[in-house]
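Those letters in the sequence shown? Residues 12 to 335, by my numbering. A quick write-up on the structure given underneath.
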Amino acid sequence: MLRLSILDLATVGPEESYAEALAGSVALAQAAEEAGYTRIWYAEHHNHASIASSATAVLIAHVASATESIRLGAGGIMLPNHSPLVIAEQFGTLETLHPGRIDLGLGRAPGTDTTTVRALRRDLGAAANFPDDVLELQAYLGNETRVPGVNAYPGMGTNVPLYILGSSLFGAKLAAALSLPYAFASHFAPNALQQAIAAYRSEFVPTQRQPEPYVIAGANVIAADSEEEAQEELTRVKRSRVSLILKPGTTYTDEQADFLLASPQGHHIQQMMTYTAVGTGEEAKDYLEGFAKETGADEIMVTHPGSTAENRIRSATLLAQAAL
């Protein structure tokens with residue numbers, strides 16, 4: 012049986028308010044909990060009008076209060092945007108309020124554009140300190156701080172599970188060296204998937220806490236009641252992603268979106284969705300079983316990039332009925 016989880020981008024649809032989008036995330040989490048998904052993660056993004064998960068820890072707290080058992084976490088916190096102490100305090104608080112349910116995935120990208128990086132007051136060279144920052148954060152959540160006299164309260168002793176996120180060999184090798192689970196963002200950056208997983212498994216250093224490597228691989232799922240409906244939804248999703256190659260706030264028609272998708276500039280959008288299951292729940296399950304076999308992943312984290320909250324929940328439910 013597949014071990015399935017969800018990455019919820021807290022997508023804000025064209026006709027949705029932020030309140031409606033966040034309510035949709037709560038409804039998706041409740042449906043996922045009932046259906047048997049392992050966990051739901053939320054990603055830190057900034058200055059993206061169509062993504063409502065910028066205050067990631069706040070969203071996790073809200074969803075945790077509206078659910079009972081499903082694991083929740085960040086996939087991920089972009090650690091160079093923050094001090095390790097602050098993240099330890101935030102996720103230590105979450106773990107204290109919702110014991111045994113909180114994960115902390117960590118990435119080194121900014122999750123935004125360079126102008127917004129400056130607005131975040133981020134040091135542009137902070138990514139170089141990512142390995143040390145991970146160790147500092149891990150220590151705050153453990154029992155021995157690496158900064159004498161400084162502890163995370165709450166946080167100390169909570170041992171919130173850490174995961175390294177990545178889309179290149181850097182994250183894979185770091186996760187292996189630090190003996191941490193590894194999650195590859197193949198739902199939008201598929202190119203180095205196989206090489207990264209191979210490097211992670213071959214270089215993994217076993218410890219008592221993590222004796223075996225553990226791989227999570229990302230994939231998109233657009234499941235609907237029929238193949239035709241799923242293909243129509245795929246078209247809507249691709250059209251919505253045209254905004255990624257345009258200036259923020261640019262409006263466009265469906266015809267213009269299709270023209271851009273067919274252009275060399277649109278190739279990147281098509282390539283981002285290389286690993287995408289489209290069809291009925293059974294067809295999506297079959298695709299993911301093949302994907303799991305191909306990658307050897309221990310867990311598949313799916314995004315349901317539907318055009319509305321209702322469609323995302325329906326996609327998650329159909330897949331779960333077939334696979335879980």
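Yeah, the Cβ is synthetic: ideal placement off N, Cα and C, and Gly gets one too.
Beta-carbon contacts of residue i that lie in its chain and below 8 Å, excluding the five residues immediately before and after
i, result
"I227", "S16, Y174, P192, Y193, A194, F195, A308, D309, E310, I311 and M312"
"P341", "The chain is shown only over 12 to 335; residue 341 falls outside these bounds and no answer can be derived."
"E79", "E44"
"L33", "A21, A63, L70 and H73"
"Q276", "I256"
"M12", "A334 and L335"
"S190", "F215, V216, P217, T218, R220 and Q221"
"P140", "The sequence as given places Asn at residue 140; Pro does not occur at that position. So the list reads P91, once near-sequence residues are dropped."
"T314", "I17, L18, D19, L20, H198, G229, A230, N231 and V232"
"E293", "A333"
Sub-8 Å separation of residue i and residue j beta-carbons
i, j, result
"T171", "I113", "A small correction: the amino acid at residue 171 is Val; Thr does not occupy that position in the sequence shown. Cβ distance < 8 Å, so V171 and I113 count as in contact."
"A183", "A210", "yes"
"I280", "K249", "yes"
"A235", "S326", "yes"
"R212", "P201", "no"
"F181", "M283", "no"
"E238", "T291", "yes"
"A85", "Y53", "yes"
"I51", "I98", "no"
"L39", "R323", "yes"
"P165", "E100", "yes"
"G168", "N154", "yes"
"V37", "A68", "no"
Beta-carbon separation (whole angstroms), residue i vs residue j, contact threshold 8 Å
i, j, result
"G87", "G111", "Wrong, their Cβ atoms sit about 20 Å apart, outside the cutoff."
"A163", "L152", "7 Å"
Cutoff 7 Å; reference residue i; Cβ partners in own chain excluding five residues on either side
i, result
"H57", "S65, G122, T123, T127 and L131"
"T328", "A42 and A46"
"T246", "none"
"E244", "I233, A235, G317, S318 and N322"
"A138", "P91 and R119"
"Q242", "V289"
"T156", "A150 and N162"
"L185", "P142 and I175"
"T285", "P201"
"H278", "none"
Own chain residues within Cβ distance below 6 Å of residue i, not counting five before or after
i, result
"G118", "G87, M89 and L176"
"V253", "A268 and L271"
"N295", "Note that residue 295 corresponds to Ala in the displayed sequence, not to Asn. The answer, listed in chain order, is V232, A234, A288 and L330."
"D144", "L90 and P95"
"G35", "A320"
"R14", "T49 and E310"
"P159", "none"
"H109", "A75"
Given residue i as reference, the closest of the options once Cα atoms are compared
i, options, result
"P142", "P91, Q101 and A77", "P91"
"E386", "D19, E100 and S179", "Outside the shown range of the chain, which is 12 to 335, sits residue 386, and nothing can be said about it."
"A120", "G160, S178, Q332 and P159", "S178"
"T264", "L135, S251 and A273", "S251"
"D134", "M167, T169 and H93", "H93"
"A230", "T169, D297 and S274", "D297"
"Q206", "R14, T306 and A150", "T306"
Residue i beta carbon near the ligand FAD (any heavy atom closer than 7 Å)
i, result
"R250", "The ligand content of the structure shown is nil, which means the ligand FAD is not present either."
Any 3 or more C-beta pairs closer than 8 Å across the segment 91 to 110 and the segment 179 to 198: Flag = no, the segment 91 to 110 and the segment 179 to 198 do not touch.
Touching by the beta-carbon criterion (3+ pairs, under 8 Å), the segment 294 to 304 and the segment 204 to 220: Taking 8 Å as the limit for Cβ pairs, the verdict is that the segment 204 to 220 does not touch the segment 294 to 304.
Cβ pair count under 8 Å reaching 3, the segment 314 to 334 against the segment 21 to 40: In this structure the segment 314 to 334 touches the segment 21 to 40; the number of beta carbon pairs closer than 8 Å is three or more.
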